[in-house]
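Undergrad: Residue numbers (this note's numbering): 1 to 165.
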């Protein structure tokens, strides 16, 4: 968690209104639009952490728990939760808020995997992540599990059946 010179990760927060052009016929945000917001926010969190160019390596499980309705406030929070040698797992939380009542709820949660890219276009090392609070430790452990699952999935042969097939 803190090998070498460790660096703290800060939350990147983005707030906007859910407009009709972001919505499906039910008046709720398209899942793909939420995923795009997460990818952009997570890439900023990763770049701010490592101060290098980054690319999205994979999107890990994203859970859509509650819909966000047109007219509601969308709050996106992203921060680096785990680091490897050249990669980072970024945790993203999306909340919906009724602007008239102030009622907030967690709508989407997910993790994205980023790789830092050096000037030569190849993966380059990232700083170690400083983990000091219980919440940061929990996020680190979750990020480590997400990374392990990602590696298992990546290493599976393309024609190898998945469970339940």
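Don't be surprised by glycine CBs; every beta carbon is placed ideally from N, CA and C.
Could you give the distance in angstroms between the alpha-carbon of residue 151 and the alpha-carbon of residue 71?
TA: Within the chain shown, the letter at position 151 stands for residue 151. Within the chain shown, the letter at position 71 stands for residue 71. The alpha-carbon atoms of residue 151 and residue 71 are separated by roughly 39 Å.
Undergrad: Report buried or exposed for residue 11, applying the criterion of at least 16 other Cβ atoms within 10 angstroms of its Cβ.
TA: Along the chain shown, read from residue 1 onward, the residue named residue 11 stands at position 11. Exposed is the call here.
Undergrad: Tell me which same chain residues have a C-beta within less than 6 Å of the C-beta of residue 6, skipping the five on either side of it?
TA: Walking along the chain shown from the start, residue 6 turns up at place 6. Excluding residues within five positions, the ones whose Cβ falls inside 6 Å are 128, 130.
Undergrad: Roughly how many angstroms lie between the CA atoms of residue 79 and residue 26, to the nearest whole one?
TA: Position 79 of the chain shown, counting from 1, holds the residue named residue 79. Position 26 of the chain shown, counting from 1, holds the residue named residue 26. Whole-angstrom Cα-Cα distance: 31 Å.
Undergrad: In this structure, how does DSSP classify residue 150 when only helix, strand and coil are distinguished?
TA: Taking the chain shown and counting its residues from 1, one reaches residue 150 at position 150. Here residue 150 sits in helix by DSSP.
Undergrad: Return the chain-ordered list of same chain residues with a C-beta closer than 6 Å to the C-beta of residue 59, the five sequence neighbours on each side being excluded.
TA: Counting from one through the chain shown, the residue named residue 59 turns up at place 59. Cβ neighbours of residue 59 beyond the five flanking positions: 112.
Undergrad: Across the stretch 102-116 and the stretch 79-90, are there enough close Cβ pairs to call them in contact, namely three or more that are closer than 8 Å?
TA: In short, these stretches touch, since the Cβ pair count reaches three.
Undergrad: Apply the 10 Å Cβ neighbour rule to residue 43 and answer buried if 16 or more other Cβ atoms are within range, or exposed otherwise.
TA: Translated into the one-based positions of the chain shown, residue 43 becomes position 43. Per the 10 Å Cβ criterion, buried.
Undergrad: Among 8, 75, 117, which one has its Cα closest to the Cα of residue 34?
TA: What you label residue 34 is simply residue 34 of the chain shown in a count that begins at 1. The shortest Cα separation from residue 34 among 8, 75, 117 belongs to 75.
Undergrad: May I ask you to report which of helix, strand or coil DSSP gives residue 91?
TA: Here residue 91 refers to the residue found at position 91 of the chain shown. In this structure, residue 91 counts as strand in the three-state DSSP scheme.
Undergrad: Residue range of the alpha helix (DSSP H) that residue 49 falls in?
TA: By 1-based counting over the chain shown, the position of residue 49 is 49. Element bounds for residue 49: 31-50.
Undergrad: Once DSSP output is grouped into helix, strand and coil, what is the label at residue 101?
TA: The sequence position of residue 101 within the chain shown is 101, counting from 1. It is coil, neither helix nor strand.
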